[in-house]
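Each remark here refers to the structure printed beneath this line.
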Amino acid sequence: QVQLVESGGGLVEAGGSLRLSCAASGSFFRINLMGWYRQAPGKQRELVATTSSGATTDYADSVKGRFTISRDNAKSTVDLQMNSLKPEDTAVYYCNLKTNGVDYWGKGTLVTVSS
């Protein structure tokens, strides 16, 4: 069974930085897509950034130039460095692993950006 555990959320002032980390455990194909999604109150969950096992990355337009996703295949971890945070970045951030047609999700970590 695959488990994803996030860490690193918290409260930060606008303009500040946070780093989220996610560790995957269990059995899964090494060819996969890992990423971060977020869900703000009253809104649908949306993609933030993804990275493939080949290190190809993709970002939502709203975070390009501010967020950086990275992964360590040997450790099965994926991090999200978030800089220049804005109040609209406030959300629960979820780690995601897509492999062999299956989606796995972490429980989420709350990021709150104060103005």
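When you read off a place in the sequence shown, starting at 1, and then add 1448, the result is the number in the numbering used here. Backbone N, C-alpha and C define an ideal beta-carbon position, used for all residues, glycine too.
Exclusion of the five residues before and after G1474 leaves Q1449, V1450 and Q1451 as the residues of its chain whose Cβ lies within less than 7 angstroms of its Cβ.
The bridge partners DSSP lists for D1527 are S1469 and S1518. Taking C-alpha positions only, T1560 is separated from L1466 by approximately 10 angstroms.
N1548 sits close to F1477, with the two beta carbons spaced by under 8 angstroms. Excluding the 5 residues flanking it on each side, A1462 has same chain C-beta neighbours closer than 7 angstroms at L1533, K1534, P1535, V1561, S1562 and S1563, in chain order. According to the DSSP assignment, R1486 belongs to the beta strand (DSSP E) that extends over L1481 to Q1487. Contact between L1468 and G1483 is absent: CB atoms are separated by about 11 angstroms, not below the 8 angstroms threshold. Residue pairing by DSSP puts V1540 in a beta bridge opposite Q1487 and L1558.
Around the beta carbon of D1509, fewer than 16 other beta carbons sit within 10 angstroms, so the residue counts as exposed. Burial check for D1527: the Cβ neighbour count within 10 Å reaches 16 or more, so the residue is buried. For S1563, no beta strand (DSSP E) run applies, since DSSP gives it neither H nor E.
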